[in-house]
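Colleague: If you're matching them up, the sequences are chains A and B in order. Going left to right, the first sequence walks through residues 3 to 760 as this note's numbering numbers them. Going left to right, the second sequence walks through residues 117 to 440 as this note's numbering numbers them. Each residue gets a CB set at the ideal place from its N, CA and C atoms; glycine is no exception.
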Amino acid sequence: MKFQIEDVTVYFPYDNIYPEQYSYMVELKRALDAKGHALLEMPTGTGKTIALLSLITSYALSKPSNPIKLLYCTRTVHEMEKTLAELRLLHQYQLRHLGPAAKILALGLSSRKNLCINPAVVSAENRDSVDAGCRKLTATWVRALAVENPNIPMCQFFENYEKAASEAVLPPGVYTLQDLRAFGRDKGWCPYFLARHMVQFANVVVYSYQYLLDPKVAGIISKEMQRESVVVFDEAHNIDNVCIEALSVSVRRQTLEGATRNLSKMAQEINRFKATDAGRLRAEYNRLVDGLAQRGNLPISDTWLANPALPDDILKEAVPGNIRRAEHFLSVLRRLVQYLHGRLETENVEKEGPVAFVASINSQAGIDQKMLKFCYDRLHSLMLTLEITDTDEFLHIQTICDFATLVGTYTRGFSIIIEPFDERMPHIPDPVLQLSCHDASLAIKPVFERFQSVVITSGTLSPIDLYPRLLNFNPVVSRSFTMSLTRNCICPMVLTRGSDQLPVSTKFDMRSDPGVVRNYGRLLLEMVSVVPDGIVCFFVSYSYMDGIVNTWNESGILKEIMQHKLVFIETQDVVETTLALDNYRRACDCGRGAVFFSVARGKVAEGIDFDRHYGRLVIMFGVPFQYTLSRILLARLEYLRETFQIKEGDFLTFDALRQAAQCVGRVIRSKADYGMMIFADKRYSRHDKRSKLPGWILSHLRDAHLNLSTDMALHIAREFLRKMAQPYDKAGGSGRKTLLSEEDLEKMGDGTTNEMLF
Amino acid sequence: MDFKPSRMAVVAKHIEAFIREFFDQNPLSQIGLVTIKDGLAQCLTDLGGSPDSHVKALMGKLECSGDSSLQNALDLVHGYLNQIPSYGHREVLILYSALSTCDPGDIMETIQECKKSKIRCSVIGLSAEIFICRHLCQETGGSYSVALDESHFKELLLEHAPPPPAIAEFAIANLIKMGFPQRAAEGVISICSCHKEAKVGGGYTCPRCKARVCELPTECRICGLTLVSSPHLARSYHHLFPIPPFDEVSLSLLNNPHQRSSRACFGCQESLLIPGNKPNLCVACPKCKQHFCLDCDIYIHESLHNCPGCESFRHSKIVSVTEE
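So, in structure tokens, the structure goes:
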């Protein structure tokens, strides 16, 4: 369908549109008009992605003189492919209506692991070894050698790509990663380098968060993006954590040992070079005197990671004299590793600010702040000079330099925490030194500054006023949309007590109470006997899950549960969890029924959908607060309070509730779906907790469902399931219009729009 | 809120009503009862055409325990229904109280086999929607519904009594030998072949072997001939050629003075205009375009199963052909 939003003609590939999609587009359009940032919350299953894509591409089409570029960030490769598939549908529709004028180039960009088509390289098991494998075949010096010696292997795809030079372009169209690989195979060109090259010219680029947020990667990939771009962060409820992780480094004993090994290897290399090719080292020295290598001039296959610090904070100066020579630099690094080793030997937990830490390095190891700051670039330059291609071997020393550069660059918003052992396992020494970033706004600041519009969107962004404070920006539009439903297909409930009227909670002083454990067990037991197919349970942590499942096993509850449904458990092992999930799905498919035990904040809670019969009920046992004794969290809370005036309690509750909402949100993925959500903790009935749930859950949470006991919940569940099994009218009756056609939209004047929708 | 006094009692009660209704609507069909419990499927009654024997078997024999296995049940039923000649409908109606199925093998294969044998499976759930049941019904072309309460359950169950419209590709025309026995004279004592005892009066005599049977429809115990009465045949027959629902006629059309003839109902010849010349609601057959009043509409669809307009039209056509 085709309709007007103010002056923009929007092309939408479906015949009908949900009212919330329409208002989402209206808001988005306003943000684009104002060239400002937007914060939009809309429940999953209402077609956020297509609404976004269709509005932004239509907006670009309506302003051909000044086309905007769309950078769409997703969290996973799977989501990336889904987004591109939808974009293709949209693009075909636009081509049908506008003809060749609508032609765009859209592509996905991912790591070599997902794009490489050289069978010898891509067979490696992890991302780093694929990267290194690629570099071994494509680095300039390897190729230079190969010209003389035909026995040195090269990647024929890369060679073909290089040979084609400026002719190597993608014709307009929409390319998923798979299409890129197919295209590469067809032409014999390397899809990875082709994609990286084409990113600059594409109208739509879909890639992962890291390409914009992590300065190490962003410096290479996203440097050339124009200002007239719209950046979209999809599923961005955890964006603050991504930002923080991008600037945090942790150093363990293994890292230091690995770094020592790397250093001695490098020392050997240097000696070898001194004997054979002393001019090379001298050339590097001269280059460093002039200023650090201009990264832009490096051939595309030689760059791998840029500086971990943000672009504004990198000094454009010459490298300080005392680390210009390779041997000197190595000895600086050796002293640094030695110093960190010494710090890790501590028996107490230590917490320091970067300033004090740098001062102590200076006094004990004789390395000053400026040297630290240049560590990363100096290492990079040295590795290029030494022609090191197996970069995956040198990850450890890179981590150390990463750390050094960050410590040297930032004085605020960071802290260094050394813990001699894991808080939960005090008998096993596992010292770790963490440089943790507390300020999510640091990493995202360049994105806000560089691009015209940044759209942050997700199904759960409540409370929506906290995100601008955490990320330190001013959105021109910030809104939360509810879902228009033909029937009440979600049924959230707050369960506060068991059948025996004893309160249930995972509060610290109550969680090990046998009564609470028993009541939780009875709740699940009763529920498995009335809910068909799949049930998902979320616990607050792995250790709590282990504990409670053990107790249930001892008291026989688990056995009773297994008579009704099979039980599967998420573990920290990815392979094991994938297998469990697979079998869980099979058990749901074949009618046996299954329960999946999972952990809030785990992999399952973040990325796996339990739609349709895979999840008819999700039980959230307890409130998933973070581990509040964690030093990093405490440090961050302190920083948030001092800098942004966010109270500790507020932040913790916000964080716990967004995790809980994320968990229960797994259960419903489209409007035709239905599911129940049980919040099993007495604390959920309190207003300060409850009010932080997203609006689309709250609007279905009836007052009568706020303080339930197990038997009452059981009764509600039975009725709900019966009611939902009845056939229903998908388009919605005349009273509640949930699908709008073209005529409906035309009928709605601007004035009446809002009345009709809300 | 669940079924009182127990699901089992409620199900048994309504099954009885269903069996009677079913044989009333489909006198030529046969039913067999299967129970699913303890992971097994057991045959309660073999396929047969006598409502009383099923009802008798049903009473007091029902119990519930253990897991249920949909696959075992389908396998068993598949074995029975596969022998049915291809002109018959093969239908399974499952009343499912459990929320899961505990199967020995891959149920998906069994479902595919049922689909291959053109067995139509329908499920009425008693508690909630189960994916595998929905899948089964979708694959085999049946209907899936979940009962809200007792009256809804009864309604859903009785919806299954009239047969589904025949699917042309399955219905291969075949000639079947049938006997139309005469009712035995009153007062004559004879030994009936079904109960093996002497009876006075009543009963029917098989036209081929002269054996005596007590009730119709049945199969003669002696010579194996299918015995029916002609009303039975007629009642079954109409399901194969259902009358399409009549369309409502707009009132303005009726007032058109040129169409004087259609102002009366074709069925009862009453005027379609209520006194005062206001048009009453009326309908028209989509095939013969004749108009009918609402009373005739109901009578035609529920009892007569023939459209008088189409019948007379066909008749007149035949006449006109012979005249040439």
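(1) Terminal residues of the continuous beta strand (DSSP E) containing A596/A?
(2) Show which residues of chain B have a CB atom less than 7 Å away from the CB atom of A727/A.
(3) Applying a beta-carbon distance threshold of less than 7 Å, which residues of chain A neighbour L273/B?
(4) Going straight from the alpha carbon of E164/A to that of E226/A, what length do you get?
(5) Answer with buried or exposed for D162/B, where buried requires no fewer than 16 other C-beta atoms within 10 angstroms of its C-beta.
(6) How many angstroms separate the CA atom of L2/A from the CA atom of L635/A?
(7) Which term fits W143/A, buried or exposed, when burial requires 16 or more other beta carbons within 10 angstroms of its beta carbon?
(8) Tell me the DSSP secondary structure of W39/A in three-state form.
(9) So the beta strand (DSSP E) A1/A belongs to, where does it begin and stop?
(10) Let me know the secondary structure DSSP gives Y730/A once reduced to three states.
(11) Would you mind stating whether S306/B and K312/B have Cβ atoms separated by less than 8 Å?
(12) Identify every run of the alpha helix (DSSP H) within the region 121-200 of chain B, keeping only runs that are complete inside it and at least 4 residues long; order them along the chain.
(13) Looking at C-alpha atoms only, which residue of Q187/B, G425/B and K129/B is the closest neighbour of A400/B?
(14) Quick one, which residues of the region 208-237 of chain B are near chain A if we go by CB-CB under 8 Å, in chain order?
(15) Here's the rule I'm using: 16 or more other beta-carbon atoms within 10 Å means buried, otherwise exposed. How should R187/A be labelled?
(16) Using a Cβ-Cβ cut-off of 8 Å (strictly less than) and excluding sequence neighbours within five positions of N350/A, which residues of its own chain qualify?
(17) Chain B partners of P534/A, CB-CB under 8 Å?
(18) Three-state secondary structure (DSSP) at V339/A?
(19) Taking 7 Å as the limit between beta carbons, can you name the residues of its chain near A637/A, skipping five residues before and five after?
(20) So, using beta-carbon positions, are V10/A and K31/A closer together than 8 Å?
(21) Excluding five sequence neighbours on each side, which residues of the same chain lie with their C-beta closer than 8 Å to the C-beta of S64/A?
(22) Which ranges does the beta strand (DSSP E) cover as unbroken runs of at least 3 residues, wholly within the region 305-351 of chain B, from first to last along the chain?
(23) Would you check if the region 589-602 of chain A and the region 204-221 of chain B touch, i.e. whether three or more CB-CB distances between them fall below 8 Å?
(24) Could you give the C-beta distance for I414/B and I359/B, rounded to a whole number, given that I count them as a contact under 8 Å?
(25) Alpha helix (DSSP H) containing E421/A: first to last residue?
(26) Using a threshold of 8 Å, state whether the C-beta atoms of Y727/A and G241/B are closer than that.
(27) If the cut is a Cβ gap below 9 Å, which residues of chain A does L190/B touch?
(28) Y412/A by DSSP, collapsed to three states: which one?
(29) Please list the terminal residues of the continuous alpha helix (DSSP H) segment that includes K293/B.
(30) Look up A682/A in the DSSP assignment and give the residues it is bridged to.
(31) Just by C-beta distance, which residues in the region 587-599 of chain A are closer than 8 Å to chain B?
(32) Less than 8 Å between the C-beta atoms of L190/B and T226/B, yes or no?
(33) Which word fits I430/A, buried or exposed, when buried means at least 16 other C-beta atoms lie within 10 angstroms of its C-beta?
(34) I'd like to confirm the pairing. Which residues does DSSP put opposite L57/A in its beta bridges?
(35) So, using beta-carbon positions, are R426/A and L346/A closer together than 8 Å?
(36) Please decide whether L389/B counts as near chain A, where near means a Cβ-Cβ distance under 8 Å.
Modeller: Well, looking at it:
(1) For the purposes of this step, residue 596/A is taken as the residue at position 594 of the first sequence. Run containing A596/A: A596 to V601, per the beta strand (DSSP E) assignment.
(2) On the first sequence, residue 727/A is found 725 positions in, with the first residue counted as 1. Going along chain B in sequence order, the residues near A727/A (Cβ under 7 Å) are G241, A244, E245 and V262.
(3) In the second sequence, counting from the first residue as 1, residue 273/B sits at position 157. Those within 7 Å of L273/B in chain A number zero; the least Cβ separation is about 16 Å.
(4) Here the question's residue 164/A lines up with position 162 in the first sequence. Here the question's residue 226/A lines up with position 224 in the first sequence. Whole-angstrom Cα-Cα distance: 21 Å.
(5) Position 46 of the second sequence holds residue 162/B. Classification of D162/B: exposed, given that the 10 Å Cβ count is below 16.
(6) Nothing about residue 2/A can be reported from this structure: the residues present for chain A run from 3 to 760 only.
(7) Position 141 of the first sequence, counted from the first residue, corresponds to residue 143/A. It counts as exposed.
(8) The residue given as residue 39/A occupies position 37 in the first sequence. The question names Trp, but residue 39/A in the sequence shown is His. Correct three-state label for H39/A: strand.
(9) Limits of chain A in this structure are 3 at one end and 760 at the other, which puts residue 1/A out of reach.
(10) In the first sequence, counting from the first residue as 1, residue 730/A sits at position 728. Coil, per DSSP.
(11) What you label residue 306/B is simply residue 190 of the second sequence in a count that begins at 1. What you label residue 312/B is simply residue 196 of the second sequence in a count that begins at 1. Their beta carbons are not under 8 Å apart, which means S306/B does not touch K312/B by this criterion.
(12) 123-141, 167-174 and 186-197
(13) Mapped onto the second sequence, residue 400/B falls at position 284. Its Cα nearest to that of A400/B, the residue G425/B stands out among Q187/B, G425/B and K129/B.
(14) Cβ contacts with chain A come from L215, S216, T217, C218, D219, D222, I223 and M224.
(15) Here the question's residue 187/A lines up with position 185 in the first sequence. Exposed, because fewer than 16 other Cβ atoms sit within 10 Å of the Cβ of R187/A.
(16) Here the question's residue 350/A lines up with position 348 in the first sequence. The residues are P422.
(17) As a position in the first sequence, residue 534/A is number 532, starting the count at 1. Result: L215, S216, S243, A244, E245, I246 and F247.
(18) Translated into the one-based positions of the first sequence, residue 339/A becomes position 337. V339/A: helix per DSSP, three-state reduction.
(19) Start at 1 with the first residue of the first sequence, and residue 637/A comes out as number 635. Taken in chain order, the residues that qualify are K353, S417, I419, S438 and H440.
(20) Here the question's residue 10/A lines up with position 8 in the first sequence. Here the question's residue 31/A lines up with position 29 in the first sequence. Contact flag set, yes.
(21) By 1-based counting over the first sequence, the position of residue 64/A is 62. D9, V10 and T11, listed in sequence order.
(22) 305-307 and 314-316
(23) yes
(24) Taking the second sequence and counting its residues from 1, the one referred to as residue 414/B is at position 298. Taking the second sequence and counting its residues from 1, the one referred to as residue 359/B is at position 243. Not quite, the Cβ-Cβ distance comes to about 12 Å (not below 8 Å), so this is no contact.
(25) Residue 421/A sits at position 419 when you count from the first residue of the first sequence. E421/A: not part of any alpha helix (DSSP H); member of the beta strand (DSSP E) spanning F416 to F423, first to last residue.
(26) Here residue 727/A is taken as the residue at index 725 of the first sequence, counted from 1. Here residue 241/B is taken as the residue at index 125 of the second sequence, counted from 1. The amino acid occupying residue 727/A in the given sequence is Ala; Tyr does not appear at that position. Taking 8 Å as the Cβ cut-off, A727/A and G241/B qualify as a contacting pair.
(27) In the second sequence, residue 190/B corresponds to position 74, counting from 1. What L190/B touches in chain A: nothing, since even the nearest Cβ is about 12 Å away.
(28) Here residue 412/A is taken as the residue at index 410 of the first sequence, counted from 1. If DSSP states are grouped into helix, strand and coil, Y412/A belongs with coil.
(29) Reading the second sequence from its first residue, position 177 is the one you call residue 293/B. Unbroken run through K293/B: none, as it is neither H nor E.
(30) Locating residue 682/A in the first sequence gives position 680, counting from the first residue. A682/A pairs with L497/A and F623/A.
(31) Along the region 587-599 of chain A, going in chain order, the ones with a CB nearer than 8 Å to a CB of chain B are C590, D591, C592, G593, R594 and G595.
(32) Walking along the second sequence from the start, residue 190/B turns up at place 74. Walking along the second sequence from the start, residue 226/B turns up at place 110. The answer is yes: Cβ separation under 8 Å.
(33) Reading the first sequence from its first residue, position 428 is the one you call residue 430/A. That one is exposed.
(34) Locating residue 57/A in the first sequence gives position 55, counting from the first residue. Beta bridge pairing from DSSP links L57/A with no other residue.
(35) Position 424 of the first sequence, counted from the start, is the residue given in the question as residue 426/A. Position 344 of the first sequence, counted from the start, is the residue given in the question as residue 346/A. Cβ distance not < 8 Å, so R426/A and L346/A don't count as in contact.
(36) By one-based count along the second sequence, residue 389/B stands at place 273. It does not: the Cβ of L389/B has no partner Cβ on chain A nearer than 8 Å.
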